[in-house]
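**Q** Heads up: the protein sequence lines correspond to chains C and R, in order. Those letters in the first sequence? Residues 4 to 514, by the working numbering. Those letters in the second sequence? Residues 926 to 1286, by the working numbering.
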Amino acid sequence: MLAKVNTLGLNGIEGIKMVLEADMNNGLPKVDIVGLPDISVKESKERVKSAIKNSGLKFPILHFTINLAPASTKKQGAYYDLPMAVAMLICCGEIKNNAVGEYTFVGELGLNGEIRKVMGVLPLLITARDVGLKKVFVPAENAKEASFIDGIDVYAVKSLNQVVDFLNGFITLTPVAKSTFDSDNSEEIDANDFCFIKGQEKAKRAMEISAAGGHNIMMIGPPGAGKTMLAKALPTIMSEMTFEEALEVTKIHSISGLLDSEQGIVRKRPFRTPHHTCTPIALTGGGVKATAGEISFAHNGVLFLDELPEYNRKTLETLRQPLEDGVITVARAVATIVYPAEFMLVTSMNPCPCGNYGSKTRECRCSPAQIHSYLQKLSGPLMDRIDIHVEVDGVSYEDLRDKKASGETSAAVRARVNKARQIQRNRFADSKTKCNAKMDSKQVAKYCVLDEDSSKLLKEAFEAFNLTARSYNRILKVARTIADLDGAENIGVSHIAEALSYRTLDKKYWV
Amino acid sequence: MDNEELFLWLSMSDMPVKKLYDLVNEFDNLNDLCQTKTYDYRIRRHLTKEEFASLLSLRESESYKKLLSNLPRSHIKFVTIVSPDYPRCFRALEVPPLVIYYVGDLSLLNKLCIAIVGTRKCTKYGADLTEKFAKELAIAGCGIVSGLAEGIDVHAHIGALEAKGKTIAVLAGGLNYIYPASNVQIARNIIENGGLIISELAPDTSPQSYTFIQRNRLIAAASSGVLVTEAGAKSGAMHTVNFALDLGKDIFAVPGNVTSKSSIGTNQLIKQFYTSCVTGPEDILGIIMPTYRKEQVKNEIKEMSNEEKSVCDILQDGEAHFDEIAQKSQINVKSLIGLLTMMEIRGLIKKLPSNYYALEE
């Protein structure tokens, strides 16, 4: 007897509709799985066998052939346990339901018959909806995640028996209630809120500008100056994620198993901090299964590289293309997958190997040659993509004790950032560009027009600070964002002057 | 072989110069030494048989012949102890160099010069001070002598060059070995500016640890005074100071932060010779050029806005941190960032590392 059920599989971050067929024949008792299954799929027959037996159902001692279609796509993961069990039970008559074709099944089985959560339910359901599947069974633990997809009935199930009883009409199940998306704008103050950062006025302002214009930022300062704290506070002042953005982020987090099943969707902008021993593959994605990397996990959020010169140079160079394109194409033998990677790069470094160069309290013992080679590790092309450099300095004990925190909360800063972002959305309404940082040279020429005073100032500054030509466009873009924060139509002298102060590394303070 | 060649030959040997002098003094007629092949009594008094053999083989060696053939065509010139142009200042040394190789204007050595020396691992404080001293002294007409090493040395040359002044670099290796190589451009600038680079070693000799110390005696001899701007406890600059003391030259030292390791040496000097303490170029000029009067540059009174004035008032007491300026001036942060940058462009203030600001002098 032949049975056919619908299921879903993953290819990169997109789901694919699949059909699982089971055929029961006379012959030696065995289960053969065909249709390019990988090891994890082949193993599922053992789980299915035990799950059926331990659910108190009959597993016939016959030969089964399982086919996964389309046969040309490689299958991986434990998504097919549940559909396989259902198909086999239909074959041997344990499930009697003529309308089983209406349903779609996804889920991993435990040996005792329980249904366990799988990764990537969100992209699977989006595909299911798009190809017109109406009713989908997912593991109960994935229910929250599934509840964000409209236009589809999702049944969250805990055990194989529940599915069998439902299909046989013994019990009824209600579809999972839909959740509405509300971005994380709770009044509750986050531990990383801006109002907890003492002093650092200049760095905080730089953070605000970079959040407003999507500018990549570099913080330079001695150890313990608060660079990491500032970086962590950045997501709290960035504009809230829209539902579409949140879905994109959740997709990636879901397929990679990073999703919190309680939450079901990523509400906060991601903040990723890969360690500096991180390999190029871990950063960009890849490996045997062409999985996503840190830059994709940081999509729509922040990628924070602490102690930038400590990273392997090769690792850093891989960032150049995604920083430009906003996507990364991971090509491996199994698949070629395009992962989104639109992140804000936030980096920090010490001014010298010992970290105390320029400090008032601690002494730097680095030779000029050491400092030179330390800075040399950062390649020009990478530094070219970082618009804002800001110095963060050590806070002394007295400062910590006496200085009251500036009092401004992240919410207040975020309100200004949102306003500036709105101006940018209007400006780039009919182009692909999303923010000032991503303007191409044509757009810079169009939107960053300088009046006479400003261009005179810029010219003087180039002479006084010995700036390089490559920093010219950066300064204009940052000045544009500062003007947007000000609500100003045109870039003025004060905007240029402020933008100039964020080019520390160009000015060669170091020996 | 004439006398000049004789000294070139001897200068290539790595024997102590003192020994070579004794040998030369033994011969009434230097020609005899040029011709000598036998290990006779005059030589036996000063050299072992092996030393003499190596000296003789040196005369036949490739490197010596190469030196002789290259020197006339090279930009490198030389004077020997017997030539009339030999710098007078070096004759005062206990063991003057047999030969001085040089590029540039040798007559600078007869002028008033100040040596500026110090640690290789200088701090920003040391580097800034050195440039300031070198600049002011060069403007006053002093030659600036230093060793073209990294750290204080190179900043001394840079300071002098900024003032378009004359500066003398005394190398520890041969003139074809600028060490460290990153200073080659500065060496070029020194020559273009009418300065001088000298060495007592043949042009292709690489510097050795002991040649750095020997070089320091030339720095001390070439100058009327030695200024130490920043030196740690065991800095090579202390050798220069000792040589200068032996030669009866003036010693100057700039006090540093007592907790700074880079200033232990200078502070120690001040403890030993309290008269050496100087805090500005005028202190040195007052001693070595008492008649010098600084040209009074009329300070253009720059028009300043109220905000700029208040920032200048705050900085009057010394450098201040960004947050401090913001707090005292009550200017909001975003305007202040722009304001400070503009003041920096106008040359009113300067930015220091770690968000500190100071008045531009």
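Every residue, glycine too, gets a C-beta built ideally from N, C-alpha and C. Here the structure is a predicted model, which is why all the values come from computation and not from measurement.
1. Across the region 473-486 of chain C and the region 422-439 of chain C, are there enough close Cβ pairs to call them in contact, namely three or more that are closer than 8 Å?
2. With a threshold of 16 other CB atoms inside 10 Å of the CB of Ala-502/C, please say whether the residue is buried or exposed.
3. Alpha carbon to alpha carbon, how far is Lys-1002/R from Gln-379/C?
4. Could you please tell me which residues of the region 1223-1250 of chain R, in chain order, have their CB closer than 7 Å to any CB of chain C?
5. Is there a Cβ from chain R that is less than 7 Å from the Cβ of Lys-462/C?
6. Within the chosen definition, does the region 335-345 of chain C reach the region 290-306 of chain C through at least 3 CB pairs nearer than 8 Å?
7. When the cut-off is 7 Å and only beta carbons count, does Lys-413/C lie next to chain R?
8. Check whether the region 99-111 of chain C and the region 69-79 of chain C touch, using three or more Cβ-Cβ pairs below 8 Å as the test.
9. From this set, Ala-423/C, Leu-286/C, Phe-300/C, Val-124/C, which residue's C-alpha is nearest Asn-14/C's C-alpha?
10. Give me the residue from Asn-1167/R, Ser-1279/R, Lys-1234/R with the minimum Cα distance to Leu-915/R.
11. What separation, rounded to the nearest whole angstrom, lies between the Cα atoms of Met-1267/R and Tyr-314/C?
12. For Glu-248/C, I'd like the list of residues in its chain whose CB is within less than 8 Å of its CB, leaving aside the five on either flank, ordered along the chain.
13. Taking a cut of 8 Å between CB atoms, which residues from the region 350-361 of chain C lie near chain R?
14. Is Met-442/C helix, strand or coil by DSSP?
15. So, is the C-beta of Lys-78/C closer than 7 Å to a C-beta in chain R?
16. Leaving out five residues on either side along the sequence, give the residues of the same chain with a beta carbon under 8 Å from the beta carbon of Glu-366/C.
17. Should Arg-365/C be flagged as near chain R, meaning a C-beta pair shorter than 7 Å?
18. Let's see if you can read the secondary structure: which residues bound the alpha helix (DSSP H) around Leu-125/C?
19. Rounded to whole angstroms, what's the CA-CA distance from Tyr-1050/R to Thr-231/C? Just pull it up for me.
20. Sorted by chain position, which residues of the same chain lie with C-beta nearer than 6 Å to Glu-144/C's C-beta, five sequence neighbours on each side aside?
21. At a cut of 8 Å, does the region 1091-1102 of chain R reach the region 1125-1142 of chain R through at least three beta carbon pairs?
22. Quick check: the Cα distance between Cys-1038/R and Phe-1015/R, rounded to an integer number of angstroms?
23. Determine, using beta carbons only, whether Pro-371/C comes closer than 7 Å to chain R.
24. So is Ser-376/C in contact with chain R if we call contact Cβ pairs under 7 Å?
25. State the DSSP-derived secondary structure class of Pro-86/C, mapped to helix, strand or coil.
26. Considering only DSSP beta bridges, list what Val-393/C is partnered with.
27. Hey, how far is the Cα of Pro-384/C from the Cα of Arg-323/C?
28. Listed from N- to C-terminal order along the chain, which residues in the region 1141-1171 of chain R have their beta-carbon within a distance smaller than 7 Å of any beta-carbon of chain C?
29. Between Gly-1272/R and the rest of its own chain, which residues show a CB-CB distance below 6 Å, the 5 nearest in sequence each way excluded?
30. What residues in the region 1268-1280 of chain R bring their beta carbon closer than 9 Å to a beta carbon of chain C?
31. Rounded to whole angstroms, what's the CA-CA distance from Phe-1168/R to Arg-1142/R? Just pull it up for me.
32. Cβ of Arg-119/C less than 7 Å from any chain R Cβ?
33. For Ser-1124/R, which three-state DSSP category applies?
34. Strictly below 9 Å CB to CB, what residues from chain R border Ser-259/C?
35. Under 7 Å, do Thr-1048/R and Thr-1154/R count as touching if we go by C-beta distance?
36. Which stretch, first to last residue, makes up the alpha helix (DSSP H) that contains Pro-238/C?
**A** Reading off the structure:
1. yes
2. Stepping through the first sequence from its first residue, residue 502/C is reached at position 499. Burial call: buried.
3. Counted from its first residue, the second sequence places residue 1002/R at position 77. Counted from its first residue, the first sequence places residue 379/C at position 376. The alpha-carbon atoms of Lys-1002/R and Gln-379/C are separated by roughly 38 Å.
4. Phe-1247, Asp-1248
5. Here the question's residue 462/C lines up with position 459 in the first sequence. So no, Lys-462/C is outside the interface.
6. yes
7. Position 410 of the first sequence, counted from the start, is the residue given in the question as residue 413/C. Per the sequence shown, residue 413/C should be read as Ser rather than Lys. No - not a single Cβ of chain R is within 7 Å of the one on Ser-413/C.
8. no
9. Against the first sequence, residue 14/C aligns to sequence position 11. Of the listed residues, the one whose Cα sits closest to Asn-14/C is Val-124/C.
10. Any answer about residue 915/R is impossible in this case: the structure gives chain R only from 926 up to 1286.
11. The residue labelled residue 1267/R in the question sits at position 342 within the second sequence. The residue labelled residue 314/C in the question sits at position 311 within the first sequence. Whole-angstrom Cα-Cα distance: 36 Å.
12. The residue given as residue 248/C occupies position 245 in the first sequence. The answer, listed in chain order, is Asn-303.
13. Pro-354, Tyr-360, Gly-361
14. Here residue 442/C is taken as the residue at index 439 of the first sequence, counted from 1. Met-442/C falls in the coil class under three-state DSSP.
15. Taking the first residue of the first sequence as 1, we reach residue 78/C at position 75. No, Lys-78/C does not count as interfacial toward chain R.
16. Sequence index remark: in the first sequence, residue 366/C carries index 363 (1-based). For Glu-366/C, where only same-chain residues beyond five positions count, the Cβ hits under 8 Å are Asn-359.
17. The residue you call residue 365/C lines up with position 362 of the first sequence. Not an interface residue.
18. Counting from one through the first sequence, the residue named residue 125/C turns up at place 122. Start and end: 124-134.
19. If you number the second sequence from 1, residue 1050/R lands on position 125. If you number the first sequence from 1, residue 231/C lands on position 228. Cα-Cα distance, rounded: 29 Å.
20. As a working mapping, residue 144/C is identified with position 141 in the first sequence. The answer, listed in chain order, is Lys-120, Ser-264.
21. yes
22. As a first step, residue 1038/R must be located in the second sequence, where it is residue number 113. As a first step, residue 1015/R must be located in the second sequence, where it is residue number 90. In a straight line, the C-alpha of Cys-1038/R is about 13 Å away from that of Phe-1015/R.
23. Here residue 371/C is taken as the residue at index 368 of the first sequence, counted from 1. Closer than 7 Å: yes.
24. Sequence index remark: in the first sequence, residue 376/C carries index 373 (1-based). False, the Cβ-Cβ gap to chain R never drops below 7 Å.
25. As a first step, residue 86/C must be located in the first sequence, where it is residue number 83. Collapsing the DSSP output to three states places Pro-86/C in a helix.
26. As a first step, residue 393/C must be located in the first sequence, where it is residue number 390. Paired residues: Met-222/C.
27. For this step, residue 384/C is matched to residue 381 along the first sequence. For this step, residue 323/C is matched to residue 320 along the first sequence. Cα atoms of Pro-384/C and Arg-323/C: separation of roughly 8 Å, rounded to the nearest angstrom.
28. none
29. To locate residue 1272/R, count along the second sequence from 1; it is residue 347. Closer than 6 Å at the Cβ level, and outside the excluded window around Gly-1272/R, lie Glu-1285.
30. Against chain C - using a Cβ distance shorter than 9 Å - the residues of the region 1268-1280 of chain R are Glu-1269, Ile-1270, Arg-1271, Gly-1272, Lys-1276, Leu-1277, Pro-1278, Ser-1279, Asn-1280.
31. Position 243 of the second sequence, counted from the first residue, corresponds to residue 1168/R. Position 217 of the second sequence, counted from the first residue, corresponds to residue 1142/R. Phe-1168/R and Arg-1142/R: Cα-Cα distance of roughly 6 Å.
32. Looking up residue 119/C in the first sequence gives position 116. Taking Cβ atoms only, chain R never reaches closer than 7 Å to Arg-119/C, which makes this a no.
33. In the second sequence, counting from the first residue as 1, residue 1124/R sits at position 199. In this structure, Ser-1124/R counts as strand in the three-state DSSP scheme.
34. Against the first sequence, residue 259/C aligns to sequence position 256. Simply none; closest approach about 39 Å.
35. The sequence position of residue 1048/R within the second sequence is 123, counting from 1. The sequence position of residue 1154/R within the second sequence is 229, counting from 1. Thr-1048/R is not a Cβ neighbour of Thr-1154/R, given a cutoff of 7 Å.
36. By 1-based counting over the first sequence, the position of residue 238/C is 235. It spans 230-240 - the alpha helix (DSSP H) in which Pro-238/C sits, taken as one unbroken run.
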